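Student: Protein chains in written order, with my numbering: chain A, 7 to 342; chain B, 7 to 342.
(1) Considering only the beta carbon of each residue, do residue 42 (chain A) and residue 103 (chain A) sit closer than 9 Å?
(2) Can you give the Cα-Cα distance for residue 30 (chain A) and residue 327 (chain A), rounded to whole angstroms?
(3) I'd like the span of the alpha helix (DSSP H) that includes residue 298 (chain A), first residue to last.
(4) Just the chain B side, please: which residues come within less than 9 Å of residue 71 (chain A) by C-beta, in chain order?
(5) With a threshold of 8 Å, are at least 3 pairs of Cβ atoms found where one atom belongs to the segment 101-116 of chain A and the other to the segment 255-264 of chain A?
(6) From the DSSP output, read off the bridge partner residues of residue 283 (chain A).
(7) Going along the chain, which unbroken runs of the alpha helix (DSSP H) with 4 or more residues stay wholly within the segment 163-238 of chain A?
(8) Taking C-alpha atoms, which residue in A:235, A:283, A:156, A:150 lies nearest to residue 226 (chain A)?
(9) Is there contact here, the segment 53-68 of chain A with the segment 8-23 of chain B, by at least three beta-carbon pairs under 8 Å?
(10) Cα separation between residue 94 (chain A) and residue 124 (chain A)?
(11) Out of curiosity, what's the CA-to-CA distance linking residue 47 (chain A) and residue 86 (chain A)?
(12) Can you name the start and end residues of the alpha helix (DSSP H) that residue 275 (chain B) belongs to?
(13) Rounding to the nearest angstrom, what Cα-Cα distance links residue 83 (chain B) and residue 228 (chain B) in this structure?
(14) Any idea if residue 320 (chain A) is buried or exposed, counting beta-carbon neighbours within 10 angstroms, 16 or more meaning buried?
(15) Let me confirm a value: residue 224 (chain A) is counted as buried when at least 16 other C-beta atoms fall within 10 Å, else exposed. Which label applies?
(16) Measure the C-alpha to C-alpha separation of residue 19 (chain B) and residue 318 (chain B) and round it to an integer number of angstroms.
(17) For residue 280 (chain A), count the other beta carbons within 10 Å of its own beta carbon; 16 or more makes it buried, fewer makes it exposed. Which is it?
(18) Would you check if the distance between the CB atom of residue 286 (chain A) and the CB atom of residue 55 (chain A) is smaller than 9 Å?
(19) Return yes when at least one heavy atom of the ligand MG lies under 8 Å from the C-beta of residue 332 (chain A), else no.
(20) Determine the extent of the alpha helix (DSSP H) in which residue 146 (chain A) is found, giving its start and end residues.
(21) Buried or exposed: residue 165 (chain B), going by 16 or more other Cβ atoms within 10 Å of its Cβ?
(22) Name the residue from A:137, A:70, A:162 whose alpha carbon lies nearest to the alpha carbon of residue 218 (chain A).
(23) Do you know whose CA, among A:38, A:36, A:64, lies nearest residue 24 (chain A)'s CA?
(24) Thinking just about the alpha-carbon of each residue, which of B:195, B:201, B:242 is nearest to the one in residue 207 (chain B)?
(25) Output needed for residue 91 (chain B): all residues of its chain with C-beta closer than 8 Å, excluding positions within five of it in sequence on either side, in chain order.
(26) Under DSSP, the alpha helix (DSSP H) around residue 330 (chain B) begins and ends at which residues?
(27) Within 9 Å (strictly less), CB to CB, does residue 254 (chain A) reach chain B?
(28) Can you tell me whether residue 140 (chain B) is buried or exposed, with buried defined as 16 or more other CB within 10 angstroms of its CB?
(29) Excluding the five sequence neighbours on either side, which residues of its own chain have a C-beta within less than 8 Å of the C-beta of residue 130 (chain B), listed in chain order?
(30) Quick one: does residue 241 (chain B) have its CB under 9 Å from some CB of chain A?
(31) Which residues of the segment 281-294 of chain A have a Cβ closer than 7 Å to any Cβ of chain B? Give them in chain order.
(32) On the premise that residue 201 (chain A) lies in contact with residue 175 (chain A), defined as a C-beta separation below 8 Å, what is that separation, rounded to the nearest angstrom?
(33) Please report the distance separating the alpha-carbon of residue 308 (chain B) from that of residue 137 (chain B).
(34) Counting only Cβ pairs nearer than 7 Å, list the residues of chain A close to residue 76 (chain B).
(35) Find out if the Cβ-Cβ distance for the pair residue 182 (chain B), residue 203 (chain B) is shorter than 9 Å.
(36) Look at the alpha carbon of residue 80 (chain B) and the alpha carbon of residue 127 (chain B), and state the distance between them as a whole number of angstroms.
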């Protein structure tokens with residue numbers, strides 16, 4: 007694809023709903039004049055676009071926690087951008103802001119929905135990853151549901167992903183044993199060597215239950231669920247009395263037309279397990295808390311993170327497919 | 007069966023493990039001399055024996071929250087009894103006590119495990135039902151997990167059972183809409199007319215989901231689970247955002263050799279549902295709280311309850327089968 011001209015606004019709109027994995031053909035690249043802001047609005051030029059598993063849900067017309075993207079609408083997604091025009095006193099051209107949403111080179115936002123990053127000390131892309139929505143998801147899930155204690159064991163699926171990698175490091179900071187589940191030896195090695203996990207189970211393992219039992223000799227007190235399917239079944243089998251399960255996502259089934267059956271829930275009674283779903287936006291105050299808490303850790307290198315950066319807005323559909331198939335490594339962002 | 011002699015201790019010991027519904031043949035009636043207490047012990051003569059769904063779990067060698075009853079052991083169960091001999095200063099002959107456990111006419115207990123009911127104002131059988139373990143189960147589940155608020159809807163399965171009937175009445179006291187699920191028109195009528203439920207769904211209904219939706223026009227905020235199976239599936243389908251599910255029991259599968267699959271848990275993320283298992287003995291302080299709170303309600307008639315009383319220890323297995331098949335009506339006790 008040729009480089010996009012910079013004097014137009016380019017955007018990817020939904021052309022048709024994927025029935026399985028999303029591909030480029032499900033989106034249409036549109037080019038329009040760069041918009042101007044209405045009263046209280048701000049126009050940003052997108053620098054980084056975040057690509058996250060939840061986006062698959064927005065492509066479906068299945069009822070979910072947020073409305074679907076409609077055919078012909080610009081696909082949604084968090085961005086970091088530079089203000090190029092403002093009709094609100096709180097923003098001026100040149101400001102850097104996070105919060106504008108959309109797969110587009112330029113976005114119009116209400117000023118109130120943006121957070122200014124002027125003087126940001128960490129790399130801008132981290133405000134979409136370790137310091138952004140995925141990092142806050144890990145933080146809120148652990149703080150509000152998981153509540154790991156010293157000496158407990160925390161297990162997390164998609165352990166090298168944007169959320170899972172923070173979950174494991176928060177477990178270690180709480181004095182707990184951190185065990186990851188990831189796809190492949192490379193990711194498992196990274197989890198242990200770079201993220202500080204005590205152990206990591208390759209989910210391509212034939213006997214996942216036995217591998218989890220080996221990695222968690224004291225059982226599992228907190229399970230942070232990002233994947234679902236057979237990983238969930240194996241993880242649930244290792245839960246201890248009074249275990250907490252943070253239901254954050256089930257990416258394994260995001261492309262499925264029909265959801266498979268789940269676990270018989272008798273174990274929740276026998277073991278007094280708590281299984282609780284979360285959405286990061288339910289506790290918006292956690293965003294500022296986390297940025298304040300974790301920015302020093304990013305700066306001093308004590309909170310590790312990894313990103314996969316793809317260049318070009320037009321490659322966003324491919325980036326999403328990678329995230330949904332586990333083909334990425336760490337937080338996925340598109341440099342627009 | 008002839009009347010049991012009163013100068014011996016009679017007990018029902020487990021003879022073989024039932025593979026489905028427990029029957030009399032799985033137990034053996036034994037007669038021994040009446041025991042004498044060792045230091046710190048008390049011997050009670052059983053007045054009432056409680057029959058509860060959890061007992062099915064004790065008959066199985068499947069791992070559960072409490073150890074199984076072994077072959078040749080006396081079957082377990084709560085009782086109210088009269089002290090006939092005591093080797094502990096806190097109890098004297100003639101005292102009435104709750105807490106001795108076993109399907110037997112006479113029981114030896116550590117004094118510390120008994121609670122004295124001298125001067126009890128409510129009928130003695132209520133200390134096994136509405137004021138006892140089932141009542142405390144309802145109270146603790148609602149207080150510690152369900153937390154119903156005024157205007158919300160509380161749905162409970164086995165609504166006329168010992169636990170469910172208290173759940174519904176606690177829902178009403180919290181200002182919530184109380185909806186029951188019960189088996190048959192008689193029980194549903196009783197739930198509405200005597201227990202004060204706003205609506206009650208007959209689970210023999212073909213389209214249970216539609217019936218629940220009709221009875222819960224605002225959806226379900228708290229679901230108190232006693233049954234499982236298709237009732238659970240239908241109830242889960244009606245849950246609102248941020249609903250709480252108290253996993254108390256799943257009596258529908260207690261006789262099953264293999265547990266059926268359960269619900270796909272994607273909805274817990276989409277709706278941020280909390281599903282939490284409970285065991286009443288995890289919060290022993292709730293027993294005294296509940297007796298203090300609810301005794302006046304029992305005495306003034308504002309907390310309704312219903313009991314099925316069966317005469318004769320030898321009929322305890324049949325009573326248990328009735329509880330497991332829904333053949334009882336309200337709290338099941340055996341008058342020993």
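Backbone N, C-alpha and C fix where the C-beta goes; we use that ideal spot for every residue, glycine too.
For clarity, every value in this text was computed on a predicted model and none was experimentally measured.
Tutor: Well, looking at it:
(1) Contact flag unset, no.
(2) 9 Å
(3) In the DSSP assignment, residue 298 (chain A) falls within the unbroken alpha helix (DSSP H) covering 291-305.
(4) Among the residues of chain B, those whose CB is under 9 Å from the CB of residue 71 (chain A) are 247, 275, 276, 277, 278, following chain order.
(5) no
(6) A:253
(7) Under the rule that a run must span 4 or more residues, the alpha helix (DSSP H) segments found entirely inside the segment 163-238 of chain A read 170-179, 191-199, 214-221.
(8) A:156
(9) Segments in contact, no.
(10) Using only the alpha carbons, I get a separation of about 16 Å.
(11) 16 Å
(12) Membership of residue 275 (chain B) in the alpha helix (DSSP H) is indicated by the continuous run 272-276.
(13) 29 Å
(14) buried
(15) exposed
(16) 15 Å
(17) buried
(18) no
(19) What this structure holds is no ligand at all, so the ligand MG is not there to describe.
(20) In this chain, the alpha helix (DSSP H) harbouring residue 146 (chain A) covers 139-147.
(21) buried
(22) A:162
(23) For the residues A:38, A:36, A:64, the minimum Cα distance to residue 24 (chain A) belongs to A:64.
(24) B:195
(25) 42, 43, 48, 49, 99
(26) 322-331
(27) yes
(28) buried
(29) 53, 54, 86, 102, 123
(30) no
(31) For the segment 281-294 of chain A, the set of residues with a beta-carbon nearer than 7 Å to any beta-carbon of chain B comprises 281, 282, 283, 284, 285, 288, in chain order.
(32) Their Cβ separation, rounded to whole angstroms, is 6 Å, which keeps residue 175 (chain A) and residue 201 (chain A) in contact under 8 Å.
(33) In this structure, the alpha-carbon of residue 308 (chain B) lies about 13 Å from that of residue 137 (chain B).
(34) Under the 7 Å cutoff, chain A gives no residues; its nearest Cβ is about 19 Å from residue 76 (chain B).
(35) In this structure, residue 203 (chain B) does not lie closer than 9 Å to residue 182 (chain B) by Cβ.
(36) 31 Å
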